[in-house]
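K.L.:
In this note's numbering, the protein residues as written are 2 to 151. The beta-carbon is built from N, C-alpha and C at its ideal position, and this holds for glycine as well.
#1: Tell me which residue opens and which closes the beta strand (DSSP E) that residue 76 is part of.
#2: Residue 143 to residue 101, Cα distance in whole Å?
#3: Provide the residue span of the alpha helix (DSSP H) that contains residue 50, from first to last.
#4: Just to confirm, is the Cβ distance from residue 14 to residue 136 under 7 Å?
#5: Where residue 108 and residue 86 are concerned, what is the direct C-alpha to C-alpha distance, given to the nearest angstrom?
#6: Output needed for residue 51: all residues of its chain with C-beta closer than 8 Å, excluding positions within five of it in sequence on either side, in chain order.
#7: Taking the beta carbon of residue 53 as the centre, do at least 16 other beta carbons fall within 10 Å, making it buried, or is it exposed?
#8: Ignore the nearest five residues each way along the sequence and tell me which others in residue 72's own chain have a CB closer than 8 Å to its CB.
#9: For the beta strand (DSSP E) that residue 1 lies in, which residues bound it at each end?
#10: For the beta strand (DSSP E) that residue 43 lies in, which residues bound it at each end?
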């Protein structure tokens, strides 16, 4: 099941395997444009980084270079189309702390880049002033995943 164009964002997809989660990420990656911000939410082990690898694969980036930024907080990937900032807020508490710990305001000044934020719920009520795509991945372990794109 391929995702619909981002023009109709409200979608709920089911992934029954890591490969499917990767593919849903790829499908989203094919529709991303400069300046888009992807806010990823889901529990530990839900597949947020795997989803991000799918996005970057669609942008012809070597996915062997894509790692979880849980400890670096921010990874920058330079694709042929645009830069992609991959941010992980898992270790940061508080919405104000999250924004400033990763320099999010400075990152968002680069309106040509795509920004993917894992654990986006840590931003609290902060809303980037760009085109925002919300992705919620529900499920963990061997369970199917429900991927909601809004």
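P.N.:
In brief:
#1: Per DSSP, the unbroken beta strand (DSSP E) holding residue 76 starts and ends at 75 to 79.
#2: Computed Cα separation, rounded: 35 Å.
#3: For residue 50, the uninterrupted alpha helix (DSSP H) run begins and ends at 49 to 59, by DSSP.
#4: In this structure, residue 136 does not lie closer than 7 Å to residue 14 by Cβ.
#5: One alpha carbon belongs to residue 108, the other to residue 86, and they sit about 8 Å apart.
#6: Within its own chain, the residues whose Cβ lies closer than 8 Å to the Cβ of residue 51, once the five positions on either side in sequence are excluded, are 19, 22, 23 and 26, listed in chain order.
#7: Buried, because 16 or more other Cβ atoms sit within 10 Å of the Cβ of residue 53.
#8: Only residues of its own chain outside the window of five on either side were considered, and among them 92 have a CB closer than 8 Å to the CB of residue 72, listed in chain order.
#9: The requested residue 1 does not occur in the structure, where the chain is confined to residues 2 to 151.
#10: Unbroken beta strand (DSSP E) run through residue 43: 38 to 43.
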